[in-house]
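Quick note, the sequences are listed as chains A and B, same order. Take numbering that gives the first Met the number 0: the final residue in the first sequence is number 253, and no numbers are missing along the way. Take numbering that gives the first Met the number 0: the final residue in the second sequence is number 545, and no numbers are missing along the way. What follows is a set of notes on a single structure, which appears directly below.
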Amino acid sequence: METPLAVEHEGRPELRHHFADEQQQRNAASLGMWWFLGTEIMFFGGMFCAYLVYRHWYFPEFAVASRSLSLPIGTFNTTVLICSSLTVAMSVRAAQLGNRKLQVRMLLLTLVFGLAFIGIKGIEWREKYEEHHIPTFHYNVVGGKGDLVEKNAKFLGLEKLKNDPAKLEQRKAEIQRNTQIFYSLYFALTGMHAIHMIIGVGIFIVITWMAHKGRFTPEYHTPLEIAGLYWHFVDIVWIYLFPLLYLIDRKPIS
Amino acid sequence: MATQEIPPERKNYLNAEYGIRSWLFTTDHKRIAMLYLVSITAMFFVGGFFALLIRLELLTPAGDLLLADTYNKMFSMHGQVMVFFFLIPSIPAVLGNFLIPMMVGAKDLAFPRINLLSWYIYIVGAGLYLWCIATGGVDTGWTFYTPYSSLFSNSHVIEAGLAIFIAGFSSILTGLNFVVTVHRMRAPGMTWSRLPLFVWSHYATSIIMLLGTPVIAITLVLVVLERTLNLGIFDPTRGGDPVLFQHLFWFYSHPAVYIMILPSMAVVSEIIPCFSRKRVFGYNFVAMSSIAIAVIGFLVWAHHMFVAGISLYSALVFSFLTFLVAVPSAIKVFNWTATMYKGSISFSTPMLYALGFIGLFTIGGLTGVFLATLGLDVHVHDTYFVIAHFHYVMVGGAVLGFLGGMHFWWPKITGRMYPEAWGRVAAIIVFIGFNLTFFPQFVLGYLGMPRRYWDYSHMPEWQGLNVLSTAGATILAVGYLLPMVYMLWSLRYGKVADDNPWQATGLEWTTQSPPTTFNFDETPIVTWEAYEYEKMPLPQEVTLER
């Protein structure tokens, strides 16, 4: 404690000048990441809050639009993401055991899973584009390829309005308008999530390179752990997004 | 005037390295604090210039100096520059950055490189905002209310929104650094109950920065997306809800008020015991009231929206919670006052600012309680009463705290004393100018003068009070410029400061003035409580005055 700085830190290249020991440095880094994830929860929280408000306001429209999302693709993508979290955890374990080969392999697998997730998401978005479900880009849910209104006429209560063409048209315009809110939030939420995924892939390219260079030892692998925390968080955001956007109230429409 | 004889120069953080690169690539928290000081001072003068134009326009009832549209831009940009680019970073990023590592006995903040990154992010945000001003500015009011900001405004909302979004990350990173530093970097023996109250207050501030800022970030992103991609999330004609925007906006922007005032309280909690030569009264209560303000502050946001169509029941709850947040603020005021009781008070410049703070913050806080009262709020909503209220908190509170803190720690930061007589004169000018500017606005607001109006020729009898206010603003400007001049002067000609010119407690005063790059030669081991003023000798100046 009372030795001068230079002596105290000699031969410990990973220890930054202002920390007393490695333990303090590791604890600081991990606490910092946990707090950062706290800010991320608040960041997504604003959009989750908007989603819940509008889902409550425009329930039938949200239910119909939610069912237009592809369940098989969504489920598959969720699996891919969970697998990527597993490989991250295994690479951390490999680092603890000092197994560099396994570490690098697991990290490469993580990158593959991460990129696969983004790619599959892209395919989903492309489908939405073809169905004219991207807000303001020729957005249309009445008739045509991406029809939601005629298909779900009964659920949306349009049959009761059959005899009143003026009211029917008005209701259809409302549905057109309100489903657009769903898709606005869908793209804002999944888009923000995708941006986080892309940043995550960027971070893991660096981490994989560091692992390849043998920078992580059983004693020191803080960057890997910290990056892993971030990756798991992005994964967890999706674990909330998936049911909220795809699953809830997905009973068959008679 | 001849420069003083100075002893052979000691190594310190200022002369450790020279050259512009040594500043731009520094990771020393003290140097980063200085970078922030220069940048926020520049932004303060930009915002002050807009304030000047606003006050000149209101000198006469007719709208004769500026065009109506220009006036809208002036008050919008005055608010945004002052709030997001001056007040929020002011004390935390300058004094907090400089002092927190020293106060907890650390060599630096936990993440020095992230600290530097936060300054660069701030510069990018501020630069983008200046670009927005140069290309025509923004006229939405500082609050960006939709659907005006998203649909109708023809000004540069996207640039302004993105600038504030970016600057938000700098405040998140600063908060993150402070929280981790306080948790993980304390010197041996520096327990939580031995931390200076400055650190407690900044800890509470950091929590608000961390949990509040991301919400306004995503809100502004949604507004920008709404403008660029025509989403309808906040647009009532497309099924969206403008009140949702207000909820999200105020969820950050009300706690943001506490980001501005808590650091000021932090400064005052250090100054008062020092110039009363007494232990702070009720340490635990002052520390915990900071945390209470941070927590309750998150639950009061809808009091900005009493007339925006929220339900009566939620209005009642938010009104009650707003009364509640006054309690910890009052605890602080009572404890500072009790600290001074029977103390050996000296009216040095920092103490004058601290006393000014207590008085003006009390007025600002109590008028906040008026505004939390549902019935009265309907009457004075969107009038100059509100303007006067929050300027009493933000200028009378936050800016006075900032100036007081700058004077108090100036000897530590620069190694030179500011000229005490000029300091006292400036403090008194600021106090008088401030009250002359903003007290008439309480009256104007109660008489019904609406905020954001550029022309009040339908009510020419309001002119007298407006003239007083403009005159006061001029005096206030002198009060701001004076410290600028004599502090720069003192850098070269000021008396060389001792390591502890005030005989204050706190680890920062055990370092050399100015401190060395790593603050302490040896990690200090703390075996004493905070504010043990009964064990400190009296500073020289106080003994001379007797």
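Glycine residues also receive a C-beta, built at the ideal position from the N, C-alpha and C atoms.
Query: Whole-number beta carbon distance between LEU247 (chain B) and GLY45 (chain A), since they are thought to touch under 8 Å; Result: 5 Å
Query: Contact under 8 Å by Cβ, SER67 (chain A) with THR109 (chain A); Result: no
Query: Chain A contacts made by the region 97–111 of chain B, where a contact means CB separation under 9 Å; Result: PRO100, ALA105, LYS106, ASP107, LEU108, ALA109, PHE110, PRO111
Query: C-beta atoms of TYR229 (chain A) and LEU70 (chain A) nearer than 8 Å; Result: no
Query: Span separating the alpha-carbon of HIS201 (chain B) from that of PHE75 (chain A); Result: 46 Å
Query: Short Cβ contact (8 Å threshold) for TYR12 (chain B) with ARG30 (chain B); Result: yes
Query: Residues that DSSP places opposite PRO449 (chain B) in a beta bridge; Result: B:THR382
Query: C-alpha gap between LYS10 (chain B) and THR515 (chain B), whole angstroms; Result: 6 Å
Query: Run of the alpha helix (DSSP H) containing SER65 (chain A), from where it starts to where it stops; Result: 58–66
Query: Nearest candidate by alpha-carbon position, reference ILE234 (chain B), set B:ASP497, B:TRP191, B:SER148; Result: Rather than Ile, the amino acid found at residue 234 (chain B) in this sequence is Asp. ASP234 (chain B) has its Cα closest to that of B:SER148, out of B:ASP497, B:TRP191, B:SER148.
Query: Proximity test, LEU315 (chain B) beta-carbon vs the ligand NAD heavy atom, cut-off 7 Å; Result: Here there are no bound small molecules, and the ligand NAD is not part of this structure.
Query: Beta-carbon spacing of TRP501 (chain B), PRO538 (chain B) below 8 Å; Result: yes
Query: Buried versus exposed call for HIS195 (chain A) [16 or more other C-beta atoms within 10 Å across all chains shown]; Result: buried
Query: Under 9 Å from the C-beta of ASN229 (chain B): neighbouring residues of chain A; Result: PRO134, THR135
Query: Interface residues of the region 184–207 of chain B facing chain A [CB-CB below 8 Å]; Result: MET184, PRO187
Query: 8 Å Cβ shell around GLU544 (chain B) - same chain, five flanking residues per side excluded; Result: Here the model assigns GLU544 (chain B) a pLDDT of 43, short of 50, so the residue's position is not dependable, and the following value carries that caveat. Cβ neighbours of GLU544 (chain B) beyond the five flanking positions: SER345.
Query: THR526 (chain B) at chain A interface by Cβ criterion, 8 Å; Result: no
Query: Within chain B, the residues that ASN26 (chain A) reaches when beta carbons sit closer than 7 Å; Result: ARG183
Query: Contact list for VAL178 (chain B) against chain A, beta-carbon separation under 7 Å; Result: TRP34
Query: Minimum Cβ-Cβ distance from GLN23 (chain A) to chain B less than 8 Å; Result: yes
Query: First and last residue of the uninterrupted alpha helix (DSSP H) at LEU13 (chain B); Result: Taken as a continuous stretch (DSSP letters only), LEU13 (chain B) belongs to no alpha helix (DSSP H), as it is neither H nor E.
Query: Cβ of GLY118 (chain A) within 8 Å of any chain B Cβ; Result: no
Query: DSSP-derived helix/strand/coil call for ARG11 (chain A); Result: coil
Query: Neighbouring residues, chain B, relative to ASN177 (chain A) (Cβ below 8 Å); Result: GLY238
Query: GLU224 (chain A) at chain B interface by Cβ criterion, 8 Å; Result: no
Query: Proximity test, Cβ basis, 8 Å: LEU543 (chain B) and chain A; Result: Note on LEU543 (chain B): pLDDT 44, under 50, position unreliable in the model; the coordinate value appears next. No, its Cβ sits nowhere closer than 8 Å to a Cβ of chain A.
Query: C-beta neighbour in chain B for MET41 (chain A), strict 8 Å; Result: yes
Query: Chain A contacts made by the region 509–535 of chain B, where a contact means CB separation under 8 Å; Result: PHE517, ASP520, GLU521, THR522, ILE524
Query: Cβ of ILE120 (chain B) within 8 Å of any chain A Cβ; Result: no
Query: Interface residues of the region 54–72 of chain A facing chain B [CB-CB below 9 Å]; Result: TRP56, TYR57, GLU60
Query: Identity of the residue in B:VAL379, B:LEU161, B:ILE19 nearest THR218 (chain B) by Cα; Result: B:LEU161
Query: Residue burial classification, TYR352 (chain B) (beta-carbon count within 10 angstroms, cutoff 16); Result: buried
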